[in-house]
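Chemist: Sequences listed follow chains A and B, in order. Per the working numbering, the first sequence starts with residue 1, numbered consecutively. Per the working numbering, the second sequence starts with residue 286, numbered consecutively. C-beta: ideal position from N, C-alpha, C; glycine also.
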Amino acid sequence: MTPASTNASRQLLPVVPLAALFLAAFVLPLAALVAISLFRNPQSAELSLLQYLRFLSDPFSIKVLSDTLWLGAEVALATLVLSYPLALVYVASGPFMRTLITFLIMLPLLTSTVVRTFAWIVILGRDGIVNSAMLSLGLWQSPARLLYTWEGMVLALTQIQLPLMALPVINSLLRLDGNLTRAAEGLGASRVRIFLTVVLPLTLPGAIAGWLLVFAAAATAFITQTLVGGGRIILMPSYIYQQAVGVQDWPFAAALSLIFTLAVTGIVFAIGALSRRFVRGVDAA
Amino acid sequence: MQRSLIDRIYSTVIGAITCFGMLLLLAPTLVVLVISFTGGITLKFPPPSWSLRWYVELLQSREIVEPALTSLKVAAAATLLSAVLGGAAALGLARSRLKMARALDALFMSPMVLPAMAFGLSLLLVFNLLGIRLSAATLVLGHTIICVPFVIRMVGASVQQLNPVLITCSLSLGASRWYTFRRITLPLIRRGIVASCFVAFLTSFDNVPVSLFLADARTEVLPIKLWAILEGSLDVRVAAVSGVIVLVTLAGLVCAEIFGGISRQIGKR
């Protein structure tokens with residue numbers, strides 16, 4: 001080894017304890033997860049692909065997975081639609097409005113997920129705010145069921161994950177060169193046109209980064225899914241929990257976890273790679 | 286004047302969506318705070334009367350206070366562990382151009398990408414295979430792995446901004462490595478450390494997917510307890526707990542802002 005390379009390796013010395021911890025408490029467990037997913041059944045360690053075949057041949061399981069991924073996509077889209085106006089106002093306004101928006105974004109980001117989900121139960125419940133307001137205004141004759149519905153779950157998750165989208169979008173709008181929009185304005189473009197042809201394409205990297213963050217977070221949001229979605233809507237996280245803790249079928253639960261992980265990370269990497277190819281400057285995000 | 290009409294419609298739409306977005310962000314927290322002061326026994330909004338009865342009730346509920354204390358202890362331990370190990374690793378990785386360093390960095394960030402549910406289950410399987418009994422210690426271990434990515438990113442960002450000349454100067458003037466670390470490096474990356482500790486603490490305190498698999502009956506943590514209560518019946522005590530959590534988080538945010546400039550740190554991520 002040359003002196004330079006030993007020096008460079010010595011720099012990595014403080015990394016050793018954490019690397020050891022990750023080996024024992026992250027890499028090893030994941031290896032165990034893979035191994036157990038190959039067990040024929042909870043009782044025998046005989047290796048087979050039975051659990052995966054079981055998943056693929058079961059329409060219910062496939063539906064649970066596709067519902068979960070679809071939920072993530074919907075929520076990510078909803079947060080995207082809300083984030084751009086927020087970011088546009090943020091960039092255009094003075095220090096007070098900027099501080100206010102930052103504070104409003106930080107507040108839910110830092111408040112416990114259970115608390116945020118609880119708030120949605122109060123808002124959407126049978127005697128909740130929406131129902132009592134609509135009834136007292138005479139707009140509804142009887143309380144509507146808002147909790148335990150797909151729409152209620154999408155709404156709650158949209159609020160809960162909105163900060164994850166708003167931050168990258170605001171950041172990429174801040175980095176946008178103001179001269180470009182001013183030039184477009186000077187050349188007579190309407191504001192809609194400036195947004196569609198200048199702002200949107202140039203801030204797409206931030207939007208894609210945010211979309212992927214929210215997609216993954218919403219698809220895996222166990223607490224909100226089970227409490228606002230209720231027992232009727234089964235999604236991957238509660239399916240895994242039910243198989244592991246309720247039924248104690250660990251091989252199947254392990255296979256479900258791996259399939260779910262591969263599906264979520266697969267989509268994240270695929271969209272990331274596609275956008276790197278077709279959108280300029282995604283790496284900068 | 287058709288163009289300016291389109292522009293006006295555009296501005297109105299943007300303004301309306303922004304107002305809705307801001308209301309959406311604020312409303313749930315506000316609702317929780319308001320309802321926690323209800324005098325009634327249901328979650329009716331607006332509350333029929335005002336009182337602190339649920340906060341009093343809360344202090345007397347051992348079944349909630351004990352998980353809360355467990356959560357605080359576990360979060361404190363996980364924060365300390367991830368700050369020390371993650372901070373050291375961030376210092377080592379930040380300036381290294383070795384391929385190995387980049388691979389390790391990717392490994393340390395991967396808990397962020399992996400669904401936490403899968404990680405919780407995998408830890409449970411390993412503890413079971415090795416015959417290790419679940420305890421507060423196993424819980425801390427799981428939480429630490431989840432918290433480390435935040436520490437690496439935030440401390441790493443601080444180290445990147447550190448001017449290496451300062452360290453070279455200190456060393457060449459005869460200061461020892463340890464003295465240089467204590468008097469030069471540490472104060473300069475303090476903001477990143479404070480901010481990452483704050484985020485790590487909240488991450489652990491709020492974690493459900495890992496705790497769900499690793500908490501045994503004696504180490505029940507607060508979010509799981511609240512989840513169980515909410516799944517069963519709507520209990521107004523949850524509103525009081527939520528009120529406490531919101532107020533403490535706000536106080537923590539103000540402190541972290543003063544000592545760590547947290548909003549800039551999070552914005553950068």
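Near A/R126, which residues of its chain fall below 8 Å by C-beta distance, leaving aside the five closest residues on each side in sequence?
Modeler: P143, R145, L147
Chemist: Are B/L410 and A/L33 close, meaning C-beta to C-beta below 8 Å?
Modeler: Yes.
Chemist: What does B/Y295 reach in chain A if we use C-beta pairs closer than 7 Å?
Modeler: R191, V192
Chemist: If you count every other CB in all the chains shown that lies within 10 Å of the CB of B/Q345, and 16 or more means buried, which is it?
Modeler: exposed
Chemist: Given a threshold of 16 other Cβ atoms within 10 Å of its Cβ, counted over all protein chains shown, does A/N131 qualify as buried or as exposed?
Modeler: buried
Chemist: Would you list the residues sitting across from B/W335 in a DSSP beta bridge?
Modeler: B/T323
Chemist: Please name the residue or residues paired with A/F39 in a DSSP beta bridge.
Modeler: A/L47
Chemist: Who are the neighbours of A/Q330 on chain B, taking C-beta pairs under 8 Å?
Modeler: Given a span of 1 to 285 for chain A in the structure shown, any question on residue 330 of chain A remains unanswerable.
Chemist: Along chain B, which residues have their Cβ under 9 Å away from the Cβ of A/W70?
Modeler: By Cβ distance, chain B contributes nothing, its closest Cβ being about 16 Å from A/W70, past 9 Å.
Chemist: With a 10 Å radius around its C-beta and 16 neighbouring C-beta atoms as the bar for buried, classify B/D390 as buried or exposed.
Modeler: With a 10 Å radius around the Cβ and a threshold of 16 neighbouring Cβ atoms, B/D390 comes out buried.
Chemist: Between the Cα of B/S489 and those of A/T111, A/R40, A/R193, spot the shortest distance and give me the residue it belongs to.
Modeler: A/T111
Chemist: Does the beta carbon of B/L538 come closer than 8 Å to any beta carbon on chain A?
Modeler: yes
Chemist: Excluding the five sequence neighbours on either side, which residues of its own chain have a C-beta within less than 7 Å of the C-beta of B/L318, listed in chain order?
Modeler: G528, V531
Chemist: Only counting the same chain, and skipping five residues up and downstream in sequence, which positions put a Cβ closer than 6 Å to that of B/S496?
Modeler: V506, I509
Chemist: Does the contact criterion of 3 or more C-beta pairs under 8 Å hold for the segment 421-432 of chain B versus the segment 372-387 of chain B?
Modeler: Contact between the segment 421-432 of chain B and the segment 372-387 of chain B is not established, with fewer than three Cβ pairs separated by less than 8 Å.
Chemist: Please confirm if A/P17 has its CB atom under 8 Å from at least one CB of chain B.
Modeler: yes
Chemist: Under 8 Å Cβ-Cβ, which residues of chain C neighbour B/A363?
Modeler: Of the protein chains in this structure, namely A and B, none is chain C.
Chemist: Could you confirm whether any beta carbon from chain A is found closer than 8 Å to the beta carbon of B/T323?
Modeler: Not an interface residue.
Chemist: Quick one: list the residues of chain A neighbouring B/W512, beta-carbon separation under 8 Å, in chain order.
Modeler: For B/W512, the chain A residues whose Cβ falls inside 8 Å of its Cβ are V114, I223, T226, L227, in order along the chain.
Chemist: Inspect the beta-carbon positions of A/A207 and A/V169 and report whether they are closer than 8 Å.
Modeler: yes
Chemist: Identify which residue in A/I240, A/L227, A/V214 has its Cα closest to the Cα of B/F498.
Modeler: A/I240
Chemist: My output table needs one value for B/A379: the three-state DSSP class, helix, strand or coil.
Modeler: helix
Chemist: Give the single residue among A/V16, A/D249, A/Q51, A/P17 whose Cα lies nearest to the Cα of A/I259.
Modeler: A/Q51
Chemist: Quick one, are the C-beta atoms of B/P332 and B/G325 less than 8 Å apart?
Modeler: It is a contact, given that the beta carbons lie within the stated cut-off.
Chemist: With C-beta atoms as the reference, is A/P85 less than 8 Å away from A/Q159?
Modeler: no
Chemist: Just verifying my parser: in three-state terms, what is the DSSP assignment at A/L147?
Modeler: DSSP places A/L147 in coil when its eight states are reduced to three.
Chemist: Which residues in chain A sit within 7 Å of B/A386, going by Cβ to Cβ distance?
Modeler: L12
Chemist: For B/M402, I'd like the list of residues in its chain whose CB is within less than 6 Å of its CB, leaving aside the five on either flank, ordered along the chain.
Modeler: P494
Chemist: Please look up how many angstroms separate the CB atoms of B/A525 and B/S356, rounded, as I've assumed it's under 8 Å.
Modeler: At roughly 16 Å, the Cβ-Cβ gap does not stay under 8 Å, so B/A525 and B/S356 are not in contact.
Chemist: Does A/I208 get closer than 8 Å to chain B when you measure Cβ to Cβ?
Modeler: no
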